[in-house]
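Below: one structure, written as structure tokens.
Residue numbers (the working numbering): 75 to 297.
Next up, the structure:
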């Protein structure tokens, strides 16, 4: 216990991870409400066919998001703080939107085939209800990873990493549409949210807020 507290004192930015408890509590609390939802829809949604193969990148998001956060936590603390800011403020604003303006989808149709991937989609639909969708947290968090990852000095000349980031961002975005988990409107709103939050994230002096990361900032010239 003492060693854990000592480690937290040396790494106070680790407390940012505590946001997940707040997020999960609030998100599932919102799911318990039963307000009158505004249906989100645009004509482009009707042109996108269901494709169960996209359940693979959709589910990879659950590894991609924590994986990138943990990597930056240990490798570039300043970019970790930037990612937390864009992602967590975006999630908070999205949940406030859901509370003030409850919204949902009516895009889901019966799954047309029976195979392993379709069974996985059925499981996903049972867990992830078509409510509280705009702006899309799935997209806002994915775009926040792309913003920070593509600007990270660690990967400045690393073309394979840039290609991976672009591929994951595009595939995850498409997966929300081809699985009919989100409308195009949700996707655009989620991406816009992260792009707007990028501006303050890169203006804040993170070394001033968390002085313990200052040596790493000076070394990487990333503050």
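For every residue, glycine included, the Cβ atom is placed at its ideal position computed from N, Cα and C.
Are the Cβ atoms of residue i and residue j separated by less than 7 Å?
i	j	result
residue 215	residue 114	no
residue 112	residue 177	yes
residue 172	residue 238	no
residue 117	residue 249	no
residue 243	residue 220	yes
residue 146	residue 153	yes
residue 229	residue 87	no
residue 201	residue 264	no
Between which residues of its own chain and residue i is the CB-CB distance below 7 Å, once the five residues before and five after are set aside?
i	result
residue 295	Residue placement at residue 295 is flagged as unreliable, the pLDDT there being 47, under the threshold of 50; the coordinate-derived value follows with that caveat. Nothing listed; no residue qualifies.
residue 192	126 and 185
residue 293	Interpretation of residue 293 is limited by its pLDDT of 49, a score under 50 that renders its predicted location unreliable; the figure taken from the coordinates is listed afterwards. There are no such residues.
Figure out for me which residue from the options has the closest Cα to the Cα of residue i.
i	options	result
residue 100	222, 165 and 203	165
residue 119	251, 270, 162 and 264	251
residue 210	128, 108 and 167	167
residue 139	123, 157 and 124	157
residue 150	255, 244, 227 and 283	227
residue 181	280, 88 and 259	259
residue 278	122, 160 and 98	160
Taking 6 Å as the limit between beta carbons, can you name the residues of its chain near residue i, skipping five residues before and five after?
i	result
residue 246	131, 135 and 216
residue 125	252
residue 93	162
Grab the span of the alpha helix (DSSP H) containing residue i for me, first residue to last.
i	result
residue 137	129-149
residue 214	211-225
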